[in-house]
Each structure stands twice: as structure tokens, then as C-alpha cells.
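Protein chains: 2
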Amino acid sequence: MKKQFKLSLLALAGSALLATAVQANNFKESDDAIHYRQSAFGLIAHNFGDMGAMLKGKKPFDAEVFAMRAQNVAALSKLPAEGFVAGSDKGDTGALAKIWSDKADFDAKMSTFQDNAAKLAVAAQSDDKNAIKQAFMNTGKSCKGCHDIYKKD
Amino acid sequence: MKKQFKLSLLALAGSALLATAVQANNFKESDDAIHYRQSAFGLIAHNFGDMGAMLKGKKPFDAEVFAMRAQNVAALSKLPAEGFVAGSDKGDTGALAKIWSDKADFDAKMSTFQDNAAKLAVAAQSDDKNAIKQAFMNTGKSCKGCHDIYKKD
Chain R
136 MKKQFKLSLL
146 ALAGSALLAT
156 AVQANNFKES
166 DDAIHYRQSA
176 FGLIAHNFGD
186 MGAMLKGKKP
196 FDAEVFAMRA
206 QNVAALSKLP
216 AEGFVAGSDK
226 GDTGALAKIW
236 SDKADFDAKM
246 STFQDNAAKL
256 AVAAQSDDKN
266 AIKQAFMNTG
276 KSCKGCHDIY
286 KKD
Chain V
136 MKKQFKLSLL
146 ALAGSALLAT
156 AVQANNFKES
166 DDAIHYRQSA
176 FGLIAHNFGD
186 MGAMLKGKKP
196 FDAEVFAMRA
206 QNVAALSKLP
216 AEGFVAGSDK
226 GDTGALAKIW
236 SDKADFDAKM
246 STFQDNAAKL
256 AVAAQSDDKN
266 AIKQAFMNTG
276 KSCKGCHDIY
286 KKD
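Here the protein sequences line up with chains R and V, keeping their order.
Sequential numbering from 136 applies to the first sequence in this note's numbering.
Sequential numbering from 136 applies to the second sequence in this note's numbering.
So this is what it looks like as C-alpha cells:
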């Protein structure tokens, strides 16, 4: 009983603290879902971009930082899918309605991206620069492959 | 040589595709750093909030989803720190200047949050609901403990 009370208090405090109100369907409004996936993609872009800068020699290659970036991208790759709720092609988004009419293909491409990101995180633990570059390119292709079809220019 | 060329092409394509331009110092502008940490906190809030909803009985407890949420929060907990670059208390942010004047304490609190989030992810793999609730509360306290001191109301 006491524990439950403390938990309720914390939950209340949490509600006040946390920016995103979460409902049973996870997103209160379509815009929240859009914001969620865009936040995830933004974080992915930042981490992926930094890896690209290292591979292009725009900044020194730091194996530890690169591996951390790759881990971040692998973890983050799992997040955007949740944000593609039905009807969220309307609003401040580059997502095309095609995502929902071809949902199976979209989901498959998302899954390939997640797999490639996971492989990149594994490759980044090795000293094999060629394997790392290849895994990086494969991940980048997964991004581009999906954007070409399902994202506004 | 050929590989390098392909890599450059991909990197170029990546630059066009990805929203966040990444420089040697990781963020081009202070606002990018603010946006980065806010994106991470927003994703954390969403995942943490959903766990809270399950623990409060606002939605059915789903051990698999809960564990996924806890994993997400553990991974995401490592991201915001990078966004707290010097000078980024100016702008559209709730971050107080105190973060940078008391940086060691702030960093320690961030580290405690990361530890608690990691422990929550471990607890979420178990069937021990009390341990899960305790780990959830500890994580929530880490949020609140830092917000109380370093975040505008």
C-alpha cells in the first residue's frame, strides 16, 4: 500500500516532469507520433553523420567514439517505427501516404535498416576498417533506399 | 580507390539526406545541441511514460513491451550529455546556467541516471515486479533529482 502510494506520487511527479503525455495508444495526437519519429531520425542522423565524417577523414577516426556512435544508431534504429501511426502522413512531415498503402514493404525496409545498423555496431567493435566501411555503406543505403520511395524530397 | 569513391558518393548522398549537419565539434550551432538533447529527452519521456502507465495499471502490463521500453531508456540515457555544450543555456531551452557552473555535479547526476536506467533494463528482464517497480522509481528519482536543480520550472 505504501509502495503503491509512493509510486503514484512518483508517477504524478513524472507526469509533470515529462514532456510527452502517453496514452494507451502511446500517442495522444498524430503530431506527437510525427515528433517522436523525427526526434529518433534526428538523433540517428547526428550519430551516423559523425561516423561518416570519420570515415571521410573530415575528422580523426576514433574507434571508441565510432563504436559508441554505431551502438547509438543500432539502438535508435528500433524507435522510429512506432511513430508511423496510421494517418500521420498529415502534418509537418515528409512521410508519404505510400508508407501506409505499402506498409509491408515499408516495414521490411525498416527491418533491413535495423539489421544493417546492428551489423554496423558489430563491425565497429573490430579493427577491420573495410568491414566497417562496408557496414556503414550498407546502413546508409538502407536510409537512402527508404527515403527515395517513402519521403518527400 | 573505387571503394573510396563510392564511399564519398554515399557520404554526399547522406549529407543531402540527413537533417543534421555534423561538424568536427559535432554541433554546428548551439541550437543543434539543444535540439539534440531535447529529442533524446522526449524519446526517454515517451518510453518512460509508457512504463509508468503499465505500472500504474493505466494499461495492461506487457512484460515484453516493458522490457523493450526499459532497453530504449537505457540506450537513450547515454545521449543527452553530448548536447550540453558550453553556452547552450541560451536559446529555447529549460537548461539553467548552473549546469555548466556545477558541471561535475551535473555529470555525476547524469551518470547516476544512466546507471539507474541500465539497472531498470536488467530488472525488466526478470519476473520480480517489486524489483521492477523499485528500479523504475529509482530511475524516475534520477530524472526529478536533476530537473529540480538544473531545469527551469
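Quick reminder that beta carbons are idealized off the backbone N, C-alpha and C, glycines included.
Please read these numbers as outputs of a predicted model, since none were measured by experiment.
Quiz item: What is the DSSP secondary structure of R/A230, reduced to helix, strand or coil?
Solution: Stepping through the first sequence from its first residue, residue 230 of chain R is reached at position 95. The answer is strand: DSSP assigns R/A230 an E or B state.
Quiz item: How would you call V/A243, buried or exposed, if buried means at least 16 neighbouring beta carbons within 10 angstroms?
Solution: Walking along the second sequence from the start, residue 243 of chain V turns up at place 108. With fewer than 16 other Cβ atoms within 10 Å, it is exposed.
Quiz item: In angstroms, rounded to a whole number, what distance separates the CA positions of R/A198 and V/I169?
Solution: As a working note, residue 198 of chain R is residue 63 in the first sequence. As a working note, residue 169 of chain V is residue 34 in the second sequence. Each residue's Cα considered, the two are about 26 Å apart.
Quiz prompt | Within chain R, partners of V/L214 - CB distance below 8 Å | solution = Position 79 of the second sequence holds residue 214 of chain V. Chain R residues near V/L214: L178, N207.
Quiz item: Is DSSP giving R/K193 helix, strand or coil here?
Solution: As a position in the first sequence, residue 193 of chain R is number 58, starting the count at 1. Residue state, collapsed to three classes: coil.
Quiz prompt | Cutoff 8 Å: R/A210 Cβ touching any chain V Cβ | solution = As a working note, residue 210 of chain R is residue 75 in the first sequence. Chain V, which has a Cβ nearer than 8 Å to the Cβ of R/A210, makes this yes.
Practice problem: Have a look at R/D166 and V/A221 and give me their C-alpha separation to the nearest angstrom. | Solution: For the purposes of this step, residue 166 of chain R is identified with residue 31 of the first sequence, where counting begins at 1. For the purposes of this step, residue 221 of chain V is identified with residue 86 of the second sequence, where counting begins at 1. Computed Cα separation, rounded: 31 Å.
Quiz item: Would you say R/F248 and R/S277 are within 8 Å of each other, going by their C-beta atoms?
Solution: Walking along the first sequence from the start, residue 248 of chain R turns up at place 113. Walking along the first sequence from the start, residue 277 of chain R turns up at place 142. Cβ atoms of R/F248 and R/S277: closer than 8 Å.
Quiz prompt | Through-space distance from V/G226 to V/M189, alpha-carbon basis | solution = Position 54 of the second sequence, counted from the first residue, corresponds to residue 189 of chain V. Position 91 of the second sequence, counted from the first residue, corresponds to residue 226 of chain V. Cα to Cα, the separation comes out at about 35 Å.
Quiz item: Should R/P215 be labelled buried (16 or more other beta-carbon atoms within 10 Å of its own) or exposed?
Solution: Translated into positions along the first sequence, residue 215 of chain R becomes position 80. Looking at its Cβ environment, which holds 16 or more other Cβ atoms inside 10 Å, R/P215 is buried.
Self-check item: Proximity to R/D240 [Cα-Cα], best of R/N182, R/F162, R/Y285
Solution: Mapped onto the first sequence, residue 240 of chain R falls at position 105. When each option's Cα is compared against that of R/D240, the closest is R/Y285.
Practice problem: For V/V157, I'd like the list of residues in its chain whose CB is within less than 7 Å of its CB, leaving aside the five on either flank, ordered along the chain. | Solution: Reading the second sequence from its first residue, position 22 is the one you call residue 157 of chain V. Low per-residue confidence applies at V/V157: pLDDT is 35, beneath 50, and the placement is therefore not dependable enough to give any value.
Quiz item: Leaving out five residues before and five after R/L231 in sequence, what residues of the same chain have Cβ atoms less than 7 Å from its Cβ?
Solution: Position 96 of the first sequence, counting from 1, holds the residue named residue 231 of chain R. The residues are D224, Y285, K286, K287.
Quiz item: Quick one: what's got a C-beta closer than 6 Å to R/A270's C-beta in the same chain, skipping five residues either side?
Solution: To locate residue 270 of chain R, count along the first sequence from 1; it is residue 135. So the qualifying residues of the chain are K254, L255, A258.
Self-check item: Span separating the alpha-carbon of V/N251 from that of V/K193
Solution: As a working mapping, residue 251 of chain V is identified with position 116 in the second sequence. As a working mapping, residue 193 of chain V is identified with position 58 in the second sequence. In a straight line, the C-alpha of V/N251 is about 23 Å away from that of V/K193.
Quiz prompt | Through-space distance from R/D283 to V/S212, alpha-carbon basis | solution = For the purposes of this step, residue 212 of chain V is identified with residue 77 of the second sequence, where counting begins at 1. For the purposes of this step, residue 283 of chain R is identified with residue 148 of the first sequence, where counting begins at 1. Each residue's alpha carbon lies about 31 Å from the other.
Quiz item: Within this structure, are the beta carbons of V/A202 and V/Q260 separated by less than 8 Å?
Solution: Numbered from 1 along the second sequence, position 67 holds the residue referred to as residue 202 of chain V. Numbered from 1 along the second sequence, position 125 holds the residue referred to as residue 260 of chain V. Cβ atoms of V/A202 and V/Q260: closer than 8 Å.
Practice problem: Would you check if the distance between the CB atom of R/M177 and the CB atom of V/S174 is smaller than 8 Å? | Solution: Indexing the first sequence from 1 puts residue 177 of chain R at position 42. Indexing the second sequence from 1 puts residue 174 of chain V at position 39. According to the sequence provided, residue 177 of chain R is Gly. The question's Met does not apply to it. It is a contact, given that the beta carbons lie within the stated cut-off.
Practice problem: Starting from V/G280, follow the alpha helix (DSSP H) in both directions and report where the run begins and ends. | Solution: Locating residue 280 of chain V in the second sequence gives position 145, where the first residue counts as 1. Looking at the DSSP string, the run of the alpha helix (DSSP H) that includes V/G280 is 264-285.
Exercise. Return the CA-CA distance between V/H181 and R/N161, expressed in angstroms with no decimal places.
Key: Position 46 of the second sequence, counted from the start, is the residue given in the question as residue 181 of chain V. Position 26 of the first sequence, counted from the start, is the residue given in the question as residue 161 of chain R. When rounded, the distance between both Cα atoms is 8 Å.
Quiz item: Any idea what DSSP makes of R/Q173, helix, strand or coil?
Solution: Locating residue 173 of chain R in the first sequence gives position 38, counting from the first residue. Helix.
Quiz item: Under the rule that 16 or more other beta-carbon atoms within 10 Å means buried, what is R/E164, buried or exposed?
Solution: Position 29 of the first sequence, counted from the first residue, corresponds to residue 164 of chain R. That one is exposed.
Quiz prompt | R/A159 burial status per 10 Å Cβ neighbour count (16 or more: buried) | solution = The residue given as residue 159 of chain R occupies position 24 in the first sequence. The pLDDT assigned to R/A159 is 41, lower than 50, so where the model puts this residue is not dependable; a value taken from the coordinates is nonetheless given after this. Answer is exposed; the Cβ neighbour count stays below 16.
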